[in-house]
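In the working numbering, the protein residues as written are 5 to 288. A short write-up of the structure that comes next.
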């Protein structure tokens, strides 16, 4: 099922499958979210939970037992319930059940709250540990932004001048190879060659916002102060760009497979709740 919320400037639409943002339009019907054309990539903005990226051998161990989890976890494929809806906000919820415990043996509740305010969509993830043991997890966003012009017409403006270092992927796992990326006056011109080895993965940034520029003019801004890690992804000739705020990332090629020791994860105390959010601001 689909649901929509509105502000005086924007309309956002969601699917209960994955609680996924499927459309973000202004009052002139301009679309900012990728259309999910399967010829390229058949998703709009999936939610990544309880892992981000890929596990080594698609599996992990916990309390002496081996479990399997596919890339980016299962939340994006689950049907969420609507907990609450108003004109400008909607909250989806997914709770652990017997099916999720086959792959992730924890009593979690995941709420995803979307709120529109003027030209900004705020996205909040509220994760609760309902169980009596600590609960490791990762979570992140994967919004794909439609870029209707030539890809080289776009660039990324980081909030601060960065000494960017991307960790390269090797068969979807983090390798030990680091790639420096140069900025000029905090701006990274986009070209498909940047993504020849898959996503750019930043374990550390000073910036808490990134602005997409279209022909050097601000197009949209992603603010992610709650998230320490970031992925940026597209593929050659794909007409979109993903800016992905993450807590956590893929296993390394040297991972020991122990879930409780997974690098970048949160270990949530029993009966505890944590909230992390990011926002998308439309600038043009």
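We put the beta carbon where it would ideally sit given N, CA and C, even for glycine. The model shown is predicted, which means the values in this text are computed figures rather than measured ones.
The beta carbons of residue 171 and residue 13 sit no closer together than 8 angstroms.
Ranked by Cα distance from residue 19, the first of 71, 11, 94, 32 is 94. In the three-state reduction of the DSSP assignment, residue 21 falls in the strand class.
For residue 103, the enclosing alpha helix (DSSP H) starts and ends at 102–105. When C-beta atoms of the region 147–160 are compared with those of the region 233–251, three or more pairs fall below 8 angstroms, so the two segments count as touching. Rounded to the nearest whole angstrom, the C-alpha separation of residue 273 and residue 115 is 17 angstroms. The alpha-carbon separation between residue 270 and residue 133 amounts to approximately 11 angstroms. Counting only runs of 3 or more residues that sit fully inside the region 189–254, the beta strand (DSSP E) segments are 191–193, 204–206, 213–218, 221–227, 233–237, 244–251, in chain order.
One Cα belongs to residue 198, the other to residue 192, and the distance between them is close to 10 angstroms. Contact annotation: residue 25 and residue 9 have beta-carbon atoms that are not nearer than 8 angstroms. If you look at residue 139, you'll find it in the beta strand (DSSP E) that goes 139–141. If you look at residue 130, you'll find it in the beta strand (DSSP E) that goes 124–133.
Note that the C-beta distance between residue 255 and residue 178 is below 8 angstroms.
Counting the other CB atoms within 10 Å of its CB gives residue 248 a total of 16 or more, which places it among the buried residues. Taken through DSSP and simplified to helix, strand or coil, residue 121 comes out as strand. If you draw a straight line from the Cα of residue 117 to the Cα of residue 80, it is about 15 angstroms long. If you keep only unbroken beta strand (DSSP E) runs of at least 3 residues inside the region 16–61, you get 24–30. In this structure, the CA atom of residue 21 is about 13 angstroms from the CA atom of residue 52. Judged by pairs of C-beta atoms under 8 angstroms, the region 60–79 touches the region 257–267, as three or more such pairs exist. Residue 148 carries a strand assignment under DSSP once its states are collapsed to helix, strand and coil. Each residue's CA atom was taken as its position, placing residue 182 and residue 87 some 43 angstroms apart.
Counting only residues of its own chain and dropping the five nearest sequence neighbours on each side, residue 47 has a CB closer than 6 angstroms to the CB of 40.
As DSSP reads the structure, residue 90 sits in a beta bridge with 93. Bridge pairing for residue 280: 129 [DSSP].
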